[in-house]
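J.:
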Amino acid sequence: MSRYSRQDVLRILHLHHHQLAAWERAGLVLPTETYSFAHLSQLRTLRDLRATRLPSRTIRASVTAMQRMSGVVNPLLESSVVRHGSRVSFRYAGALLDPVTHQLSFDFDQSITEVLQVANGGVITRSQRAVEVQEMFLRAVQFEEDASTLDAAALLYNEILQMNPDHAPASINLGTIHYNRRDFARAEELYRNATVADPDYALAFFDLGNVLDETLQLDEAIASYQRAIALVPHYADAHYNLALAYERQGERRRALRHWLMYTRLDPVGPWASHAKIQARKILSSERLSIVSRRGQPVPIAG
């Protein structure tokens, strides 16, 4: 069985380590340093639920209630999870169950759409197709780690997107392959696809900002970085790149806010020294106009 390190999981699922730690504190996942494929599926389910802005405590309450009601050890793995209003429901044994309210309904939509026909006359279920796509995605990520198999990774990502055009992580990773090959037009297209497929995916907006910045579309790049930060306020790299973009536009006061935020979020990282230098330069040259107006502090725009 394949095992994945903590860093592998963060990279594959595009998670921030603070988010994973928060799920551990909430009791949604057990702290560990190695993960199985099943763990990856569980974490991806959590990521997708959190993208709908459901609080971790709400997810935890539904999981605990499902465990008590059905005897299922790990509902995030052993049943299909759906947001249902302000809570989580589970597709289980042919029904849609809200374990908190004990509401049970027949899942007619699921029974109609669950089975997919394939060209050779066989059948596969949607859940089987989802597992197949996830396994393809993990193989593609592994191929990316070796330059000699990068083309194989690109082919797999393309195949995934043919099967599921809304697979945002595949769009992002394939976009990054094209970005690194300086095929910026294709990279931009793929990143935009990811933002449409998953409007709450901060990484998609960050990567889109990068390619727009590279192609000198600064206004759009700034808007993309701002969106990434709106989704994940502590996204250090987005603050850094937004500060750079503002400086390129001559908006030094707006840049200052994000230089300072970056130094708070990543005070000892490799780019922290540059951020601190830039912040000092701006504070030194514009101290009077930024710090005081008629003796009152002035908030920094941005």
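Take any residue in the sequence shown, count from 1 to its spot, add 612: that is its number in our numbering.
Where is the CB? At the ideal position from N, CA and C, for every residue including glycine.
Computed from a predicted structure; not experimentally measured.
Would V712 count as contacting chain C if we go by Cβ distances under 8 Å?
T.: Of the protein chains in this structure there is only one, and it is not chain C.
J.: Assign T644 to one of three DSSP states: helix, strand, or coil.
T.: coil
J.: DSSP three-state label for R794, please.
T.: Residue state for R794 is assigned as coil, using DSSP reduced to three classes.
J.: If contacts are defined as beta-carbon pairs under 8 Å, then G778 and A809 qualify, I think. What distance do you get, rounded to the angstrom?
T.: Residue 778 is actually Asp in this sequence, not Gly. Contact flag correct, Cβ pair sits at about 4 Å.
J.: Looking only at its chain, what residues have a beta carbon closer than 7 Å to the beta carbon of D878, apart from the 5 residues adjacent to it on each side?
T.: A848 and A884
J.: Roughly how far, in whole angstroms, is the beta-carbon of L640 from the beta-carbon of R672, given that I think they are within contact range, below 8 Å?
T.: Indeed they touch by this definition, with Cβ atoms about 6 Å apart.
J.: Check each candidate in L820, T827, K893 and E757 and name the one with the smallest Cα separation from R839.
T.: L820
J.: Excluding the 5 residues flanking N853 on each side, which residues of the same chain have their C-beta closer than 6 Å to its C-beta?
T.: Y837
J.: Taking all protein chains shown into account, do 16 or more other C-beta atoms lie within 10 angstroms of the C-beta of V880, making it buried, or fewer, making it exposed?
T.: exposed
J.: So, using beta-carbon positions, are I789 and L762 closer together than 8 Å?
T.: The answer is yes: Cβ separation under 8 Å.
J.: Would you check if the distance between the CB atom of S674 and the CB atom of V712 is smaller than 8 Å?
T.: yes
J.: Quick one: what's got a C-beta closer than 8 Å to S617's C-beta in the same chain, skipping five residues either side?
T.: Same-chain partners within the cutoff: E645, T646 and Y647.
J.: Thinking C-alpha only, which one of P882, H626, E756 and A677 is nearest L786?
T.: E756
J.: Which first and last residues belong to the alpha helix (DSSP H) in which W883 is found?
T.: Run containing W883: none; DSSP gives neither H nor E here.
J.: Check each candidate in L843, E863 and I772 and name the one with the smallest Cα separation from D831.
T.: E863
J.: Locate the alpha helix (DSSP H) running through L589, then write down its first and last residues.
T.: With the chain covering only 613 through 914, there is no way to say anything about residue 589.
J.: Which residue from R751, N776, L773 and Q774 puts its Cα closest to that of A765?
T.: R751
J.: Per DSSP, what kind of secondary structure is R615 in: helix, strand or coil?
T.: For R615, the three-state secondary structure derived from DSSP is coil.
J.: Kindly indicate which residue of W635, L642, R615 and R659 has the alpha-carbon position closest to the one of P781.
T.: R659
J.: Taking only heavy atoms of the ligand ADP into account, decide whether any of them is closer than 7 Å to the Cβ of Y874.
T.: Ligands in the displayed structure: none, and consequently the ligand ADP is not present.
J.: Measure the alpha-carbon distance for L868 versus F818 and round it to whole angstroms.
T.: 19 Å
J.: Helix, strand or coil for P909 per DSSP?
T.: Confidence in P909 is poor, its pLDDT being 48 and thus under 50, which makes the residue's placement unreliable; the coordinate value appears in the next sentence. It is coil, neither helix nor strand.
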